[in-house]
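Only one structure is covered here, and it is reproduced in the block below.
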Amino acid sequence: MSEQPKTRKLQTAAAFATFALVFVSVGALMRFFPSESAFGPVARVFDSLSALILLVSFVCSLLATCLGMRRIGGTLALLALASVGQQFAAHQKISLQLAPQKTATVRILFLNALAENEENGGRMIETALSFDPDVIVFAERLSVADNLAPLRDHYLFLSPCSEQKCELLVASKVRPKRFWTLTLNPVWDDCYAVAELELHNGTSFFLAANHLSKPWLSGIAESEVQKLIAQYNWLSGPSVVVGDFNAAPWSRPMLQLLSKTEMRTLRAPKGTWPAGAGDYGVPLDHVLVKNGARVVRIEYFGKDLGSNHRGFVADVALP
Numbered sequence: 001m002s003e004q005p006k007t008r009k010l011q012t013a014a015a016f017a018t019f020a021l022v023f024v025s026v027g028a029l030m031r032f033f034p035s036e037s038a039f040g041p042v043a044r045v046f047d048s049l050s051a052l053i054l055l056v057s058f059v060c061s062l063l064a065t066c067l068g069m070r071r072i073g074g075t076l077a078l079l080a081l082a083s084v085g086q087q088f089a090a091h092q093k094i095s096l097q098l099a100p101q102k103t104a105t106v107r108i109l110f111l112n113a114l115a116e117n118e119e120n121g122g123r124m125i126e127t128a129l130s131f132d133p134d135v136i137v138f139a140e141r142l143s144v145a146d147n148l149a150p151l152r153d154h155y156l157f158l159s160p161c162s163e164q165k166c167e168l169l170v171a172s173k174v175r176p177k178r179f180w181t182l183t184l185n186p187v188w189d190d191c192y193a194v195a196e197l198e199l200h201n202g203t204s205f206f207l208a209a210n211h212l213s214k215p216w217l218s219g220i221a222e223s224e225v226q227k228l229i230a231q232y233n234w235l236s237g238p239s240v241v242v243g244d245f246n247a248a249p250w251s252r253p254m255l256q257l258l259s260k261t262e263m264r265t266l267r268a269p270k271g272t273w274p275a276g277a278g279d280y281g282v283p284l285d286h287v288l289v290k291n292g293a294r295v296v297r298i299e300y301f302g303k304d305l306g307s308n309h310r311g312f313v314a315d316v317a318l319p
């Protein structure tokens, strides 16, 4: 091989090694930057993408290795794998596997309907009813506000909402013993709702729902997480939380939220955003459980309903 092709090959290898170094640094370190720090908002932008970023780093490392930079490329590949392993170990502590051996007690559906998605409001409700859930939760409910008649026909309880004020809509086949909403930040009202439900078989549990703001909105997102930690720790007995958290389970906000409460997320969540990416998107919408509640099955839906999020139907076993 002549000198020029060799030089070009090494230059290409060096470029891939540089990309790998940048990506592994971003993927591995972003979650360690506090949201309150000067770099915090930038870190939160990349936080939920860290798994994908580390995958890109690993691929670039392999390419650098194949093009001749074996020592540097191999080292960077090992760093990417070690970072993934560290994230997986942290995720294991705050997650639970599905429990298919248990018998489901209640079926809960959640969908961020997207406020401006009004032309699909009827289809979203029709799709939700096709799963026959015991509880339905819509975030950004303005998109379904004009199509609530079918819900009133099938559900005894619809949470009170007005056109001006209602972030979450909760529909339940049984009337809650108690129901209330809370405001988590000074910008968006009633982004947290709680229902204490007693099923026909006598089983009682708390169902909470929330829609969090973007995690990079410094001054808002941090206070939301702190308020939710207090709220989750207040819930007693079997409890289930559904919602759009705008954060992946391996991100700093979710790790804080789950490590400081007894709530647990799914061990192997699938992508919910963007909807068009299907299972390979980023899991921003979650079902959390504690005090003996376990997710038996979960099904994702809504890729073609006009929202930028997919929804899910979770079958939950209660003790």
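In the working numbering, the protein residues as written are 1 to 319. Where a beta carbon is used, it is the ideal one built from N, C-alpha and C, also for glycine.
If residue i and residue j are in contact, beta carbons under 8 angstroms, what's the gap, nearest whole angstrom?
| i | j | result |
| --- | --- | --- |
| P215 | H91 | In fact, because the Cβ distance is near 17 angstroms, the residues do not count as touching under 8 angstroms. |
| S251 | R31 | 6 angstroms |
| A104 | E140 | About 27 angstroms; that fails the 8 angstroms criterion. |
| V313 | F131 | 5 angstroms |
| L111 | F138 | 6 angstroms |
| V144 | S159 | Between S159 and V144 the Cβ distance is about 13 angstroms, and since that is not below 8 angstroms, they are no contact. |
Determine the direct distance from the alpha carbon of residue j to that of residue i, and round the result to whole angstroms.
| i | j | result |
| --- | --- | --- |
| L217 | P41 | 7 angstroms |
| S57 | F19 | 7 angstroms |
| C191 | G237 | 22 angstroms |
| V287 | R71 | 43 angstroms |
| I229 | K260 | 7 angstroms |
| K303 | D146 | 22 angstroms |
| I298 | G276 | 19 angstroms |
| F88 | D153 | 44 angstroms |
| V22 | N120 | 41 angstroms |
| L255 | Q101 | 28 angstroms |
| V194 | S61 | 47 angstroms |
| G122 | I136 | 15 angstroms |
| L197 | A38 | 43 angstroms |
| L109 | G202 | 21 angstroms |
| Q11 | D189 | 54 angstroms |
The alpha helix (DSSP H) spanning residue i covers which residue range?
| i | result |
| --- | --- |
| S83 | 70-93 |
| F58 | 50-66 |
| A247 | Note, A247: premise wrong, no alpha helix (DSSP H); not H, not E. |
| F46 | 40-47 |
| T181 | No alpha helix (DSSP H) contains T181, which is instead part of the beta strand (DSSP E) from 178-182. |
| R123 | 121-130 |
| M30 | Taken as a continuous stretch (DSSP letters only), M30 belongs to no alpha helix (DSSP H), as it is neither H nor E. |
| P253 | 252-259 |
Could you tell me which of the options sits nearest to residue i, measuring between CA atoms?
| i | options | result |
| --- | --- | --- |
| R8 | V59, Q97, M69, G276 | M69 |
| E167 | A209, D153, L129 | A209 |
| D244 | G311, N233, R252 | G311 |
| P319 | A221, S307, A17, A293 | A293 |
| M263 | P274, G276, Y232, A247 | Y232 |
| S307 | L142, V45, E198, I94 | L142 |
| P186 | I220, I94, P253 | I220 |
| G73 | A64, Y280, A51, A80 | A64 |
| F16 | A77, P274, E198 | A77 |
| A128 | S172, P176, V241 | S172 |
| V242 | F206, E222, P253 | F206 |
| V289 | V225, Y300, V106 | V106 |
| V316 | C161, V24, V240 | V240 |
| T265 | Q226, C161, D285 | D285 |
| L96 | R267, P283, L305, G271 | R267 |
| F33 | S25, A43, G27, V26 | A43 |
Between which two residues does the beta strand (DSSP E) harbouring residue i extend?
| i | result |
| --- | --- |
| Y232 | Element bounds for Y232: not the beta strand (DSSP E) but the alpha helix (DSSP H), 221-234. |
| L197 | 192-198 |
| E299 | 294-301 |
| L169 | 168-172 |
| G311 | 311-317 |
| A139 | 135-139 |
Could you have a look at residue i and say whether DSSP puts it in helix, strand or coil?
| i | result |
| --- | --- |
| D285 | strand |
| T266 | Going by the sequence as given, residue 266 is Leu instead of Thr. Strand. |
| Y155 | coil |
| F23 | helix |
| K290 | strand |
| F110 | strand |
| A209 | strand |
| S239 | strand |
| S143 | helix |
With a threshold of 6 angstroms, establish whether the CB of residue i neighbours any heavy atom of the ligand MG.
| i | result |
| --- | --- |
| L288 | Of the ligands one can find in the structure shown there are none, so the ligand MG has no counterpart to examine. |
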